[in-house]
Amino acid sequence: MANKILYQDQIAGACHWSLQMRRGTSLRVIDNEGGANVGMLFYNPVNLLERYNAPDTLKCQHTFKLTKGNCLYSDMGRVFCSIVDDTVGWHETVCGNLTKAMIAEKWGEHSYQDYGNNWHQNGYNSFLVELAKLGLGKKDMASNLNLFSKVEVDNQGDLKYVDGNSKAGDYIELRFEMDTIVVFHTCPHPLNPAKEYPRKSITYEIREAAPVADNDFCMNFRPENKRGFENNKIFHLGCGCSND
Amino acid sequence: MIKESKLLVEEAVYREVVPAGDYFMKVVKAGQTFRILDLEGNQAADTLFYNADDPSERYSAMDTIRSQGNVYLTTDTKLISNEQNIMLEIVADTCGRHDTLGGACATESNTVRYALDKKCMHACRDSWLLAVAENEEFGMSKRDITHNINFFMNVPITAEGGLTFQDGISAPGKYVEMKAMMDVIVLISNCPQLNNPCNGYNPTPVEVLIWD
Chain B
10 MANKILYQDQ IAGACHWSLQ MRRGTSLRVI DNEGGANVGM LFYNPVNLLE
60 RYNAPDTLKC QHTFKLTKGN CLYSDMGRVF CSIVDDTVGW HETVCGNLTK
110 AMIAEKWGEH SYQDYGNNWH QNGYNSFLVE LAKLGLGKKD MASNLNLFSK
160 VEVDNQGDLK YVDGNSKAGD YIELRFEMDT IVVFHTCPHP LNPAKEYPRK
210 SITYEIREAA PVADNDFCMN FRPENKRGFE NNKIFHLGCG CSND
Chain E
45 MIKESKLLVE EAVYREVVPA GDYFMKVVKA GQTFRILDLE GNQAADTLFY
95 NADDPSERYS AMDTIRSQGN VYLTTDTKLI SNEQNIMLEI VADTCGRHDT
145 LGGACATESN TVRYALDKKC MHACRDSWLL AVAENEEFGM SKRDITHNIN
195 FFMNVPITAE GGLTFQDGIS APGKYVEMKA MMDVIVLISN CPQLNNPCNG
245 YNPTPVEVLI WD
């Protein structure tokens, strides 16, 4: 049965985690309360040097925002995953993460010693920890996705964070087109103007995905995506890392 | 913001013309100023910076645009590292706007953007990979090939979330000049792209000048 839920889990706000996704499954990420932010990066498990590339993703689809139909590309011209469903409409990939010092300046320092797991965790350290599990470090931290967060750009190029972009129950679903290591955190977006440190939980579901049909929405969303899928096909002829 | 430099070309301590399809990799010392000069116009200089003492500290496009709250680079832009330090500051710019969202061309991304049979056409990331291979003293590898600046490229973002490639706003003789705030490795690929109208399908040389 297509789209059967294989696994479901919740991650509190200000946390980090990793998982490996198999080609032909999808990852639905749900904003539980509204206002979540999920920093996310992708790596190829058989060659960790192949990783999510934000500029390639934006440039080849002539887009600044990411939503249904867009594919998320590696630096090797392949599609890690396609956004097959999205109730949000705008996810951004250029604002990066906050560091410990920036969080302290914005919302005060809440150390683990004083606050336990209610501390003010930051996106940068979250990625460092998850990347270290893979033997990777700060050199490998590419420009990341910030799911659920919208940042607009005006004619002068000024960035504007749009509050209330994602509501309780909104979700994005990523269908994986190759086996992928997903590294993510639920720490606040760098431009979030909230007075209090925002701590927003998410639910994620690993689902079965229907096979990609010739008329697939994402593959046909742009001619570039069709060529990206073609590159995946060539890769899978040789990699033996996943069955069709 | 357009701002002209007061530095005199004849007082430069170093000058090098970098042909399209070649790279430039050299340390610029703290306090030195360097200029990239678009000799024939509408060229793209795909550029990365590293702390010369520890190349794991490098230019960060995300940190740079977030800290200035603006996606375009021009006079007064501080180029920020992944350690939140100011690496360089743009002190003069006769072009007015430079891109740091569009990334660099690669043989693989060319297959996606243009056609699968473009895979063997020369590309910026090939130049960078050759640069790190030929300059082993810097101890760099593909892990260091990251999200760059495209000097002289005009990539406007629209309010609706589009990203467009416009004709260049550069012209023969336009330049951008930066003052180094730390010793930096400058790694430039003078873009060899033949498929993009933004350089008129005609990649041309740039010149790099350095002043003490």
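Which chain is which? The protein sequence lines are B and E, in order.
Using the working numbering, you'd call the opening residue of the first sequence number 10 and step up by one each time.
Using the working numbering, you'd call the opening residue of the second sequence number 45 and step up by one each time.
Just so it is clear, CB atoms sit at the ideal spot from N, CA and C, and this is done for glycine as well.
The structure displayed is predicted, hence computed values, not measured ones.
Practice problem: Closer than 7 Å, Cβ to Cβ, to anything on chain B: give me those residues from the region 192 to 205 of chain E, in chain order. | Solution: 201, 203, 205
Quiz prompt | Sheet register partners of residue 122 of chain E (DSSP bridge) | solution = E:133
Practice problem: Anything in the region 96 to 107 of chain E with a Cβ closer than 9 Å to a Cβ of chain B? List those residues in chain order, please. | Solution: 99, 100, 101, 102, 104, 105, 106, 107
Quiz item: Looking only at its own chain, which residues have a Cβ that is under 6 Å from the Cβ of residue 134 of chain E, when we skip the five neighbours before and after it?
Solution: 119, 121, 222
Quiz item: Quick one, are the C-beta atoms of residue 157 of chain E and residue 239 of chain E less than 9 Å apart?
Solution: yes
Quiz item: Sorted by chain position, which residues of the same chain lie with C-beta nearer than 6 Å to residue 59 of chain E's C-beta, five sequence neighbours on each side aside?
Solution: 253
Quiz item: By DSSP, does residue 51 of chain E sit in helix, in strand, or in coil?
Solution: coil
Exercise. Kindly identify the DSSP beta-bridge partner or partners of residue 187 of chain E.
Key: Within the DSSP secondary-structure output, residue 187 of chain E pairs in no beta bridge.
Quiz item: Straight-line CA distance for residue 247 of chain B to residue 99 of chain E?
Solution: A direct Cα-Cα distance of roughly 34 Å separates residue 247 of chain B from residue 99 of chain E.
Quiz prompt | Residues that residue 99 of chain B contacts on chain E, provided the C-beta gap is smaller than 8 Å | solution = 205
Quiz item: Got a sec: which bits of the region 11 to 30 of chain B sit with their beta carbon under 7 Å from any beta carbon on chain E, in order along the chain?
Solution: Listed in sequence order: no entries.
Quiz item: Alpha carbon to alpha carbon, what distance is there between residue 183 of chain B and residue 241 of chain B?
Solution: Rounded to the nearest angstrom, the two C-alpha atoms are 16 Å apart.
Practice problem: Give the DSSP-derived three-state secondary structure of residue 240 of chain B in the structure shown. | Solution: Three-state DSSP puts residue 240 of chain B in a helix.
Quiz prompt | Closer than 7 Å at the beta carbon, the chain B residues around residue 186 of chain E | solution = 58
Self-check item: Meets three-Cβ-pair contact criterion under 8 Å: the region 144 to 152 of chain B and the region 89 to 108 of chain E
Solution: Judged by pairs of C-beta atoms under 8 Å, the region 144 to 152 of chain B touches the region 89 to 108 of chain E, as three or more such pairs exist.
Quiz item: In this structure, what does DSSP give as the bridge partners for residue 224 of chain E?
Solution: E:132
Quiz item: Relative to the alpha-carbon of residue 74 of chain E, which residue among E:227, E:243, E:237, E:142 has its alpha-carbon at the smallest distance?
Solution: E:227
Quiz prompt | Short CB-CB distance (under 9 Å) between residue 152 of chain E and chain B | solution = yes
Quiz prompt | Which residues DSSP lists as bridging residue 30 of chain B, in chain order | solution = B:189
Quiz item: Does DSSP put residue 60 of chain B in a helix, in a strand, or in coil?
Solution: strand
Quiz item: Below 8 Å, can you find three or more Cβ-Cβ pairs linking the region 148 to 167 of chain B to the region 42 to 50 of chain B?
Solution: yes
Quiz item: Can residue 90 of chain E and residue 194 of chain E be called in contact, C-beta distance under 9 Å?
Solution: Yes, the pair counts as a contact, with Cβ atoms nearer than the cut-off.
Practice problem: Can you have a look at residue 150 of chain E and say buried or exposed, based on whether 16 or more other CB atoms are within 10 angstroms of its CB? | Solution: buried
Practice problem: Please state if the CB of residue 88 of chain E and the CB of residue 243 of chain E are separated by a distance shorter than 9 Å. | Solution: yes
Quiz item: In three-state DSSP terms, what is residue 72 of chain B?
Solution: strand
Quiz item: For residue 151 of chain B, which residues in chain D fall below 8 Å Cβ to Cβ?
Solution: Structure shown: chain D not included; protein chains present are B and E.
Quiz prompt | Within-9 Å CB hit, residue 144 of chain B to chain E | solution = no
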